[in-house]
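A.B. asks: Quick mapping for you: the protein sequence lines, in order, are chains A, B, C and D.
Numbering-wise (the working numbering), the first sequence opens with residue 1 and increments by one.
Numbering-wise (the working numbering), the second sequence opens with residue 1001 and increments by one.
Numbering-wise (the working numbering), the third sequence opens with residue 2001 and increments by one.
Numbering-wise (the working numbering), the fourth sequence opens with residue 3001 and increments by one.
We put the CB at the ideal spot given by N, CA and C, even for glycine.
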Amino acid sequence: MAIEIHIGERVANVELLSIDGNKVQIQIDDKTYDVDISMIEHGVYSILHQNKSYNMELVKSSDDSKKYDVSTLYNTMGIEIVDVHRKYMKSRQKDDIDEGQEKIFTPMPGKVVKIPVKKGDKLEPGQTVIVVEAMKMQSEYKVKRECKIKDILVNEGDTVEGNQTLVVLE
Amino acid sequence: MAIEIHIGERVANVELLSIDGNKVQIQIDDKTYDVDISMIEHGVYSILHQNKSYNMELVKSSDDSKKYDVSTLYNTMGIEIVDVHRKYMKSRQKDDIDEGQEKIFTPMPGKVVKIPVKKGDKLEPGQTVIVVEAMKMQSEYKVKRECKIKDILVNEGDTVEGNQTLVVLE
Amino acid sequence: MIKKILIANRGEIAMRIMRSCREMGIKTVAVFSEADRTSKHVSFADEAVCIGPAPSKESYLIIDNIIEACKITGADAIHPGYGFLSENASLASKCQKEKIIFIGPKPYAMCKMGDKITARQTMIAAGVPVVPGTKENLTTKEQAEAAAKKIGFPIMVKASSGGGGKGMRLVKNTKELWDAVLAAKSEALSSFGDDAVYMEKYIKSPHHIEFQILADKFGNTIHLCERECSVQRRHQKIIEETPSPLMTPELREVMGLAAINAAKSVKYVGAGTVEFLVDDNLNYYFLEMNTRLQVEHPITEKVLGIDLVKEQINIANGKKLPFKQSDIVQRGHAIECRICAEDAYNDFMPSPGIIKHVSEPKGIGVRVDSYVYDGYEIPIYYDPMIAKLVVRAASRKYAIERMKRVLYEYRISGIKTNIGFLRKIMDIPDFVKGKYDTHFIEKHIDTLLKPPRATKTLTEDMAIIAAYFDYIMNLEENTPKTSAEGRAINRWKEFGKRKGVLRI
Amino acid sequence: MIKKILIANRGEIAMRIMRSCREMGIKTVAVFSEADRTSKHVSFADEAVCIGPAPSKESYLIIDNIIEACKITGADAIHPGYGFLSENASLASKCQKEKIIFIGPKPYAMCKMGDKITARQTMIAAGVPVVPGTKENLTTKEQAEAAAKKIGFPIMVKASSGGGGKGMRLVKNTKELWDAVLAAKSEALSSFGDDAVYMEKYIKSPHHIEFQILADKFGNTIHLCERECSVQRRHQKIIEETPSPLMTPELREVMGLAAINAAKSVKYVGAGTVEFLVDDNLNYYFLEMNTRLQVEHPITEKVLGIDLVKEQINIANGKKLPFKQSDIVQRGHAIECRICAEDAYNDFMPSPGIIKHVSEPKGIGVRVDSYVYDGYEIPIYYDPMIAKLVVRAASRKYAIERMKRVLYEYRISGIKTNIGFLRKIMDIPDFVKGKYDTHFIEKHIDTLLKPPRATKTLTEDMAIIAAYFDYIMNLEENTPKTSAEGRAINRWKEFGKRKGVLRI
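#1: Among residues of its own chain, excluding the 5 on either side of residue 2070 of chain C, which ones have a beta-carbon nearer than 7 Å to its beta-carbon?
#2: So is residue 3234 of chain D buried or exposed if we call it buried at 16+ other beta carbons inside 10 Å?
#3: Along the region 2383-2406 of chain C, what residues have a CB closer than 7 Å to any CB found in chain B?
#4: Leaving aside the five residues before and after residue 1002 of chain B along the sequence, list all residues of the same chain whose C-beta is less than 8 Å from its C-beta, in chain order.
#5: Which stretch, first to last residue, makes up the alpha helix (DSSP H) that contains residue 2335 of chain C?
#6: What in chain D is Cβ-close to residue 2131 of chain C, meaning under 7 Å?
#7: For residue 2357 of chain C and residue 2413 of chain C, which I take to be in contact (beta-carbon distance under 8 Å), what is that distance rounded to the nearest angstrom?
#8: Nearest CA to the CA of residue 3243 of chain D: which residue from D/3302, D/3062 and D/3411?
#9: Contact criterion: CB-CB distance below 8 Å. Does residue 2479 of chain C meet it with respect to chain A?
#10: Taking only three categories from DSSP, how would you classify residue 145 of chain A?
#11: Given that a residue counts as buried once 16 or more other Cβ atoms are within 10 Å of its Cβ, and exposed if not, what is residue 3159 of chain D?
#12: Residue 2142 of chain C to residue 2178 of chain C, Cα distance in whole Å?
#13: Give me the chain A residues within the contact set of residue 2467 of chain C, using Cβ-Cβ distance strictly less than 7 Å, ordered along the chain.
#14: Given a cut-off of 8 Å, decide if residue 3384 of chain D and residue 1135 of chain B are closer than it, judged by their beta-carbon atoms.
#15: Quick check on residue 2037 of chain C - is its C-beta less than 8 Å from some C-beta in chain B?
#16: What whole-angstrom Cβ distance do residue 2335 of chain C and residue 2399 of chain C have, given they're in contact under 8 Å?
#17: By how many angstroms is the C-alpha of residue 169 of chain A removed from the C-alpha of residue 126 of chain A?
#18: Can you find the residues in the same chain that come closer than 8 Å, C-beta to C-beta, to residue 2294 of chain C, ignoring five residues on each side of it along the sequence?
#19: Residue 3124 of chain D: buried (16+ other C-beta within 10 angstroms of its C-beta) or exposed?
#20: Count the C-beta pairs between the region 3430-3438 of chain D and the region 3372-3384 of chain D that are closer than 8 Å, then say yes if the count reaches three, no if not.
#21: Could you check whether residue 2437 of chain C and residue 2230 of chain C sit closer than 8 Å to each other, using their CB atoms as the reference points?
#22: Please list the partners that residue 3159 of chain D has in chain A, where partner means a Cβ-to-Cβ separation under 7 Å.
#23: Leaving out five residues before and five after residue 2034 of chain C in sequence, what residues of the same chain have Cβ atoms less than 6 Å from its Cβ?
#24: Please list the partners that residue 1035 of chain B has in chain D, where partner means a Cβ-to-Cβ separation under 9 Å.
#25: Given this structure, state the Cα-to-Cα distance separating residue 1025 of chain B from residue 1031 of chain B, to the nearest angstrom.
#26: State the DSSP-derived secondary structure class of residue 2261 of chain C, mapped to helix, strand or coil.
#27: Might you give, ordered along the chain, the residues of its own chain that have their beta carbon closer than 6 Å to the beta carbon of residue 1028 of chain B, omitting 5 neighbours on each side?
#28: Suppose the cutoff is 7 Å on Cβ atoms and the five residues either side in sequence are ignored; what does the same chain contact list for residue 3458 of chain D look like?
#29: Who pairs with residue 2102 of chain C in a beta bridge, going by DSSP?
#30: With DSSP as the reference, please indicate the residues paired to residue 1018 of chain B in a beta bridge.
#31: Taking a cut of 9 Å between CB atoms, which residues from the region 116-149 of chain A lie near chain C?
#32: So for residue 3083 of chain D, helix, strand or coil by DSSP?
#33: Taking C-beta pairs closer than 9 Å, name the residues in chain C that residue 3015 of chain D reaches, listed in chain order.
#34: Look at the alpha carbon of residue 3086 of chain D and the alpha carbon of residue 3292 of chain D, and state the distance between them as a whole number of angstroms.
#35: Based on the DSSP output, what are the partners of residue 13 of chain A in its beta bridges?
#36: Is the CB of residue 3256 of chain D under 8 Å away from at least one CB in chain E?
In structure tokens form, the structure reads like this:
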């Protein structure tokens, strides 16, 4: 079963050649690896390759079971598994890149402390749309371009999740 | 849903009266408890009852999902849930108490280092049937009564699981 | 004798205090907000009382709820920890009225030290050096300009009730002065409800060095040497060490004496900390006194072998100090790093969320004071500090090597932390040489925020292999085997077995 | 200078050695048997080599495989830890031949100390007191009876190559003597392949006290004070402490000097331990010298603030000792408990198996050296010790209080451990008073094995409630939500949500 795995900008083709207990032969692009792989603690894999010991801690994305954050001692890499199903979905997907800025969201959970704008307001670049507080620190979210407030989805005092859309622009 | 819960010799009737988030009213025999219960770490429950803080660590039996070992800071208790299904099974079950000693088993995993008897041997009380080693320590298993070896289920050198029957007596 | 202590706090400091209580055979009462039901301090305590909704202002900061919790549980003493109500003289007064022992100084000392102008005046009277400046609230332009002329520019305008950098202005010349005073006053009024401001000489490249004080009820007051706290970000300490690389035995003696005098001047009882600014010429100036336990108290415990919370409780019980000044000798070197749930690469934005997996460093010379566990959700309402990582070793060099080791051993997944940022500090030559002041982070921020070096292809390939196997394992697992505790133990082993290979 | 060390061991001691290596910037190589692929030391190391099947005799004890692993990885030194090959002079010799640094003494010292009769003779020559007895192998009845008469009954017959109580006989009178010698000889032959036995006076109520030695290559030899190891079960230590409650400054000085002389007499280099028996009148007798790191070395590290593994490596690198005898001063009190996977109530039978959940004690004054983790399966092939729990505090009283606290904080589920048994020892008055000898466990075994007091009905009811909820939660959970790591996080919270109640 050869599948495509994306890591940063790189697209790697991965194929399992053989498996014998924990001993595995696997091909990544044009390189063949003989490794000994074992799951140690949950989500932590130990890989031995030419006697070198690698530890990989995997955290699956909470909203996408094919996306991982993989951490070594020194670094964290984002990895996406692109199997046949995912490839099909990707080909169908419209380009959803945020042309300009279409919505305001917070990367962290928190509490909305202030919304100094209202629906229909016209804003200048750099104007603050919403203030969110978490752990004694307030963050102001501003618009990057001239725009109009299409909708405000939360109220002052609301508790919001990470990556939740707060305000829609047009 | 009233169910029966066995703890040691005691049989308790348990009925959930109401539940509101983590706040629970529950009746055990003739006592009614208002408690705040929350799962903290996996298998560890925190119960607050009249402001007292109780921590209960549950380990489910690996071969019976209705049996638990429940540990407090000071003690471990064996608990069995006897629901309708289990009650029915129990009523059908024949009395399987070991009249005398019908088989030899080891409570711990280990390696069989010696079997000084063979099938058909007649044994005196106190005679050693099998020697099992684990963690640098050897344990001898002996018969308690005069008997005959009906069957030997393992060989010297075998690795055995905990509670596995090793030798059958008659 | 105290039999039951209510800890009016949460998180790691609540746990830390309870540990010493348990060792002394004293029962503990936790208080918790509705957001903290699953917080470790609740299950660690003997008793626990809910004192209100999630926001601190509606729970941890409500004196009446704390006192009520004492009454419900029959606690005979309160330990306030740090932060929250720890420097609130009203709580201490209320305790006196209710005959509950407040583990801390008397309200008198807290009031004297709580207001900066009053504290300055008290210190000047006690002969403790303060930063040259004014003793009174600045009210007229003439008064301000005359004072500034006498002190010499640059100067700092500071709010009397201030803290955390609010109501503070750096002024370089007479032209900017009065506007700066007015701005500081307005900010002070809106932040602290008090527009009193004063003026201090601006100290260039200052070192933040503090002395730990212990005083019993019999007038015995000693210092427990210094802590160097100059590694700060936005006026918040992130790394502390002791001894200070700047310190000399002579300076330690005179500063220690000044700290003792500062404490005695307000009849201080209990554990407290006198903070100083020290310049490159080793001139030192009283900054403020914290009338409570400090976050960084463990480094003092490490080099002296003393349990400060036990001493606090013994003092509250009316016991005499068990040691004299001459018994206090630092051994080795200790460093503390504050582990915070924050994203260093995104302007240190807090990163609350669910901890997927924690693996804490162990072994020789390390102490971890933390309160998080696998599956714990860090609430958004409180401080982002989730752990304190403390090491001790025979020398400063060994202590830095040890801190690097334990920072690499510390793994927390699911949320972002500043562990990587702290690791980089350990490699900055100025830190390694001990040549730093409070501008350290600022000075090296570019190096510290440089993105981590590119991963080697080989490492990437190993990561790909791990992800690949996790993915196919989940595919093959049609019926996940969930064990009693909701964990699928040794799934990989199971996988191996299904493939017909039995690992011994 | 050593750049890469192969650790010829497993478990907690392998981890402990690797931690110091990492701090020193030295690369580490783990070796592992087929049963240890998932053992923590394998993933903790920089490199790892499989050296054979599960049984030690086929892996950890095979010298050639260890040397081969060095060659494969380019390791320039071997640290043997304790147990396994740590006192094997052949490995040390082989290393010399292969130009690999063996971190330990020279084969000469190991041979001299490895054989008990030789060691006795060497000590007598060096003026170190030994238990009165014979210097030669007992070969005739007449020789044995004459010797016994001179020493006085009761006497012990011991195997020269002995250890762990094998080939040992207590003899009370002449009638029993020769049969006992013959029995000991036969047991010694079958156990050690050597039938040499000797005779010693039997010491009543002996204390087992040992001195830690450090010696560099320049002849500088110092002692690092004593460890009291009298709490033993079947000749195995389970609790150690320092200082010894029996010790006086005068005795420490003379015994320390004797230990130094013992080490010097065999040109000892590195870290070693001289074990003594001490009777109630403070007479002391050389017992044996362990030419390696001891299990209980961390209590010495705790009260001296020294890293013994670092010192071992520095000595192997040809560095001079960084301290003089006068620098060595104990501070406070340290205790170690050995945590074993065993069932105290079932004749201490080992209890290997899968660890469901571990929660280790943290905070002030505690050190945990362990190697187990959630989901780890303890193999049946090796020692049942899974962790060492070490505390230090300002006094012996505080140290015992702390040990009680951390024993209660330590939770391991899924297997049986001796934690409960250790907790009880902390309450035995003889232990609390420090009045104990090697018969301590024997003397108090009935109290120690008394079943735990009956649980109160209220506690039982709380246990019932917990089990009830776990049961109904599983019933309601038709589709278990397994997350990335195979954990169902915060299931109870989910449960609350399903019931229509959102906990904040």
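C.D. replies: The short version:
#1: 2006, 2078 and 2100
#2: exposed
#3: none
#4: 1013, 1014 and 1015
#5: Counting along the chain, residue 2335 of chain C falls outside any alpha helix (DSSP H), though it belongs to the beta strand (DSSP E) covering 2333-2340.
#6: Going along chain D, no residue has its Cβ under 7 Å from residue 2131 of chain C, so there is no contact; the nearest lies around 35 Å.
#7: With 8 Å as the limit, residue 2357 of chain C and residue 2413 of chain C qualify as a contact, their Cβ atoms being about 5 Å apart.
#8: When each option's Cα is compared against that of residue 3243 of chain D, the closest is D/3302.
#9: For residue 2479 of chain C, the pLDDT reaches just 37, beneath the cut-off of 50, and the residue's location in the model is therefore unreliable, leaving the point undetermined.
#10: In this structure, residue 145 of chain A counts as coil in the three-state DSSP scheme.
#11: Buried.
#12: Cα to Cα, residue 2142 of chain C sits roughly 9 Å from residue 2178 of chain C.
#13: 5, 58, 68, 70, 79 and 81
#14: In this structure, residue 1135 of chain B lies near residue 3384 of chain D, with their beta-carbon atoms less than 8 Å apart.
#15: yes
#16: Sure, about 5 Å apart at Cβ, within 8 Å.
#17: 14 Å
#18: 2082, 2210, 2212, 2227 and 2273
#19: exposed
#20: The count of Cβ pairs closer than 8 Å, one atom from the region 3430-3438 of chain D and one from the region 3372-3384 of chain D, stays below three, leaving the stretches out of contact.
#21: yes
#22: The premise fails here: residue 3159 of chain D is roughly 41 Å from chain A at the closest Cβ pair, so nothing lies under 7 Å.
#23: 2053 and 2054
#24: 3462 and 3465
#25: 11 Å
#26: helix
#27: 1012 and 1014
#28: none
#29: C/2078
#30: BP columns for residue 1018 of chain B point to B/1025.
#31: 133, 134, 135, 136, 137 and 139
#32: coil
#33: Identification of chain C residues near residue 3015 of chain D by a Cβ-Cβ cut-off of 9 Å yields 2362 and 2363, ordered along the chain.
#34: Distance between the alpha carbons of residue 3086 of chain D and residue 3292 of chain D is about 6 Å.
#35: A/4
#36: The structure shown contains no chain E; its protein chains are A, B, C and D.
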